[in-house]
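First residue of the sequence shown? That's 1363 in the working numbering, and the numbers climb one at a time after it.
Where a beta carbon is used, it is the ideal one built from N, C-alpha and C, also for glycine.
A short worksheet on the structure shown next.
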Amino acid sequence: MKDQYKIHLVYETYSGLDMKLLEFMNSSDELLKVIQGIQVYDLETPTNQEIADTIGLDRFPAIIVTNDKEVVLETQELEDIRSFFNDIVQ
């Protein structure tokens, strides 16, 4: 069985990137099997800002992919997410 992943999106200014990530996740049954969901963190919420500070994020939007153990990818680019998951599900 393949690992399960979660996508975490941290942003300062809303850009619709969450919808693009959701659209990508829903684009194939294979992706839906490996991506458990997308968690969105708006930095206007103080607790979300604390989370970003704690893990050392300083460039936004930040897209972080985790499995059940660790961070496996940190990027600002949707294309990196596509490449990462397309390699997994092919």
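Given residue i as reference, the closest of the options once Cα atoms are compared
{"i": "Glu1385", "options": "Val1433, Ile1400, Asn1429, Phe1422", "result": "Ile1400"}
{"i": "Leu1383", "options": "Glu1432, Val1427, Arg1421, Glu1374", "result": "Val1427"}
{"i": "Lys1395", "options": "Tyr1367, Gly1378, Ile1417", "result": "Tyr1367"}
{"i": "Gln1398", "options": "Asp1415, Phe1422, Asp1430, Glu1441", "result": "Asp1430"}
{"i": "Glu1439", "options": "Asn1448, Val1451, Ile1450, Phe1422", "result": "Phe1422"}
{"i": "Val1451", "options": "Met1387, Leu1371, Pro1408, Thr1409", "result": "Met1387"}
{"i": "Glu1374", "options": "Asp1442, Asp1365, Ser1390, Thr1407", "result": "Thr1407"}
Residue j beta carbon less than 7 angstroms from that of residue i
{"i": "Leu1405", "j": "Gln1411", "result": "yes"}
{"i": "Phe1446", "j": "Leu1435", "result": "yes"}
Between the CA atoms of residue j and residue i - distance to the nearest angstrom
{"i": "Ala1424", "j": "Glu1392", "result": "24 angstroms"}
{"i": "Arg1444", "j": "Leu1379", "result": "13 angstroms"}
{"i": "Thr1409", "j": "Val1372", "result": "12 angstroms"}
{"i": "Tyr1403", "j": "His1370", "result": "7 angstroms"}
{"i": "Asp1365", "j": "Glu1432", "result": "12 angstroms"}
{"i": "Ala1414", "j": "Ser1390", "result": "30 angstroms"}
{"i": "Thr1437", "j": "Asp1449", "result": "16 angstroms"}
Cβ neighbour criterion (16 or more within 10 Å) applied to residue i
{"i": "Met1381", "result": "exposed"}
{"i": "Ile1417", "result": "exposed"}
{"i": "Tyr1376", "result": "exposed"}
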